[in-house]
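S.K.: Each residue of the sequence shown is one higher than the last, beginning at 215 in the working numbering.
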Amino acid sequence: RFFTPLQEIVFAGHPVLGAFYILAHIGVISLIEPVTRLHQETHVGVFPVELFVHDGCIRNIFMEQPKPEFLGVIEPLRDLFEVAKAVGVPKTKITGTGLPVEIVSTGFPVIVVPVRTLTAVSAASPNIVLINGVCEQHKAQGIMVFSTVTVEEESTVHTRMFASPVGVVEDPATGSATGALGAYLT
Numbered sequence: 215r216f217f218t219p220l221q222e223i224v225f226a227g228h229p230v231l232g233a234f235y236i237l238a239h240i241g242v243i244s245l246i247e248p249v250t251r252l253h254q255e256t257h258v259g260v261f262p263v264e265l266f267v268h269d270g271c272i273r274n275i276f277m278e279q280p281k282p283e284f285l286g287v288i289e290p291l292r293d294l295f296e297v298a299k300a301v302g303v304p305k306t307k308i309t310g311t312g313l314p315v316e317i318v319s320t321g322f323p324v325i326v327v328p329v330r331t332l333t334a335v336s337a338a339s340p341n342i343v344l345i346n347g348v349c350e351q352h353k354a355q356g357i358m359v360f361s362t363v364t365v366e367e368e369s370t371v372h373t374r375m376f377a378s379p380v381g382v383v384e385d386p387a388t389g390s391a392t393g394a395l396g397a398y399l400t
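#1: Hey, could you find the ends of the beta strand (DSSP E) residue 361 is sitting in?
#2: By alpha-carbon positions, which one of 360, 303 and 342 ends up nearest to residue 395?
#3: Taking the beta carbon of residue 219 as the centre, do at least 16 other beta carbons fall within 10 Å, making it buried, or is it exposed?
#4: Which class does residue 219 belong to by DSSP, given the choice of helix, strand or coil?
#5: Based on the DSSP output, what are the partners of residue 377 in its beta bridges?
#6: Suppose the cutoff is 6 Å on Cβ atoms and the five residues either side in sequence are ignored; what does the same chain contact list for residue 300 look like?
#7: Tell me the residue span of the beta strand (DSSP E) that contains residue 290.
#8: Who are the Cβ neighbours of residue 354 in its own chain at under 7 Å, not counting the five residues just before and after it?
#9: What residue range does the beta strand (DSSP E) around residue 316 cover?
Put into structure tokens, the structure is as follows:
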């Protein structure tokens with residue numbers, strides 16, 4: 215089960231990774247090299263978790279997420295303007311990407327918002343009241359703003375995730391929303 219400061223949610227990513235790491239670290243899970251394969255039962259299904267082990271140490275943890283659902287594109291200019299206002303990004307930074315603003319879920323529905331520049335992502339200034347309203351209107355639990363312009367050359371995207379509808383103003387490490395973004399980008 216997953217809990218935010220405000221409520222229980224049906225799926226989350228990074229808590230799974232953290233929990234499996236700690237369970238292995240304290241000896242509840244026995245590590246098998248090179249890969250320890252386990253399963254996580256959630257409200258949205260049972261999913262594999264793999265711990266990659268080398269010399270007795272966990273090097274990586276991977277988890278499978280629910281099959282992505284594409285729940286709709288936000289198209290009317292008025293709605294795009296509301297999304298832009300909610301995250302504090304000029305609407306021209308969104309409409310100039312050539313990519314849709316889309317609601318995607320891998321267990322946690324998010325509005326995926328492409329922006330043209332890294333500066334637009336960094337300068338985003340979330341308005342909690344507006345984010346909550348936009349998310350309620352589109353049946354989402356958060357808004358992820360991303361750019362393909364990144365700080366690190368080896369990175370694919372630079373993101374910020376605002377999940378105030380579930381009590382998290384900004385989530386610096388979001389596995390479930392990143393899963394939705396990965397599905398959006400493929």
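By construction, the Cβ of each residue, glycine as well, lies at the ideal position given by its N, Cα and C atoms. Source: prediction; values computed, not measured.
M.R.: So, to answer that:
#1: From DSSP, the beta strand (DSSP E) with residue 361 extends over 356 to 361.
#2: Closest by alpha carbon: 360.
#3: exposed
#4: coil
#5: 382
#6: 341, 344, 345 and 348
#7: Unbroken run through residue 290: none, as it is neither H nor E.
#8: 317, 323, 324 and 325
#9: Counting along the chain, the beta strand (DSSP E) containing residue 316 begins and ends at 315 to 319.
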